[in-house]
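A.B. asks:
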Amino acid sequence: MLPKAPTPPAIATSNPTLLSPTLPAPTVDPAAFELSYWNSIQNSTDAEDFKDYLAKYPNGQFASIARRRMAALTSATKPAPTSTPGNTVGNTTSTARPAGRSQQMQSRAGIEFVWIPAGSFMMGSENGGSDEKPVHRVTIADGFYIGKYEVTQAQWQAVMGNNPSNFKGCDNCPVEQVSWDDAVSFIAKLNAQNDGYTYRLPTEAEWEYAARAGTTTAFAFGDSLSSEQANFDGDYPYGGAAKGVYRQTRPVGSFQPNAFGLFDMHGNVWEWCQDWYHGSYAGAPTDGSAWLSGGEQKYRMLRGGSWLNGLAFNLRSADRNWDTPDLRNVVIGFRVVAVVRT
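Residue 129 is where the sequence shown starts when you use the numbering used here, and the numbers rise one by one after that.
1) For Ala191, write down the residues that DSSP places opposite it in a beta bridge.
2) Mark Gln402 as exposed unless 16 or more other C-beta atoms lie within 10 angstroms of its C-beta, in which case mark it buried.
3) State the Cα-Cα distance for the pair Arg196 and Asp180, rounded to the nearest angstrom.
4) Can you pull the DSSP bridge partners for Ile274?
5) Between the alpha carbons of Arg340 and Ser230, how many angstroms are there, rounded?
6) Given this structure, state the Cα-to-Cα distance separating Ala418 from Gln285, to the nearest angstrom.
7) Quick check on the burial criterion: 16 or more other C-beta atoms within 10 angstroms. Buried or exposed for Ala333?
8) Kindly indicate which three-state DSSP category Glu399 falls into: helix, strand or coil?
9) Cβ of Ile315 within 9 angstroms of Cβ of Phe272?
10) Under the three-state reduction of DSSP, which class applies to Ser421: helix, strand or coil?
11) For the alpha helix (DSSP H) that contains Met429, what are its first and last residues?
12) Whole angstroms is fine: what's the gap from Tyr427's alpha carbon to Asp310's?
13) From this set, Ile460, Ala175, Arg463, which residue's C-alpha is nearest Leu201's C-alpha?
14) Going by DSSP in three states, Val312 sits in which element: helix, strand or coil?
15) When you compare only the Cα positions, how much space is there between Met251 and Met393?
16) Would you identify the three-state DSSP class for Phe383, choosing helix, strand or coil?
17) Given this structure, state the Cα-to-Cα distance separating Gln376 from Phe190, to the nearest angstrom.
18) Do Gln283 and Val458 come within 9 angstroms of each other at the CB atom, strictly closer than that value?
19) With C-beta atoms as the reference, is Trp398 less than 9 angstroms away from Asn359?
20) Can you check which of these residues, Pro379, Gly461, Asp454, is closest to Gly297 by C-alpha distance?
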């Protein structure tokens, strides 16, 4: 197990493993014209815009992101594969989507959701900390919708009327500087819209199930991770991956999705979950529900890692982190789950 990193003294947190060592701030590229061009297209939904960028800057500073965005937009025009009953990948079994259930849906607030089928998986890791053990089977009886992306600054602004983020000026970047309590307030406003769905934070089990997307490896992309695949400090890759770059938050969807079609389940910002923190999985629910009993009931769960993490180890699908529910931090955001209201 790799050691978890100490907290930068300049950023408050109750949990020393939440952040990486203090690192130099990212610098602005002197190629101002290229940067201006990129800023004008980075949120485009037209693959041709990224094709044009690559024609002008085949080796540009955003070339790898442009290729991924172009590939994602091109593949989005192809019919999505459907699940088959009893589909098994590794130690994960998922069921088919119910008849009439859309693969994707969008809330009135403009949040895009992806359908996650019911199924079972092995939660935790033998290669992580003691709080990731014992590895145990979890069966999620009912499918659910989860945010395709982390909640963005524009979506937060539309619902809450303000933008608490430190990295402003990027509507499509994830909102950060939001506490667990803030996220719950945002969700309460979504539920007040009465659009036929009940919104909530994901349970920790739902989050890991969605992040794994049928895999049993350390990450949804295998047992290694580089900064070409996720937004974290690329000076510290995992599993022999090449060193990469260091950024701050990036627009959601800038990196490749997992097999469920979810973006940024590894990196960008840590994501709040419903559960209270427990020091191990002994006695944890096996039905995918939130673990809200026992323990200190002092810290809420965080998953996924962030742009600041200097250890890709902390971006693993099984990695667990936590902090107080009132903490606001530049590395913390969230995504939302939706279930059909009955």
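Every residue, glycine too, gets a C-beta built ideally from N, C-alpha and C. The structure displayed is predicted, hence computed values, not measured ones.
C.D. replies: Let's see:
1) Answer is none; Ala191 lacks a bridge partner.
2) buried
3) 14 angstroms
4) Val242, Val465
5) 21 angstroms
6) 28 angstroms
7) buried
8) strand
9) no
10) coil
11) Met429 -> not in any alpha helix (DSSP H); beta strand (DSSP E) instead, spanning 428–431.
12) 15 angstroms
13) Ala175
14) helix
15) 16 angstroms
16) coil
17) 14 angstroms
18) no
19) no
20) Pro379
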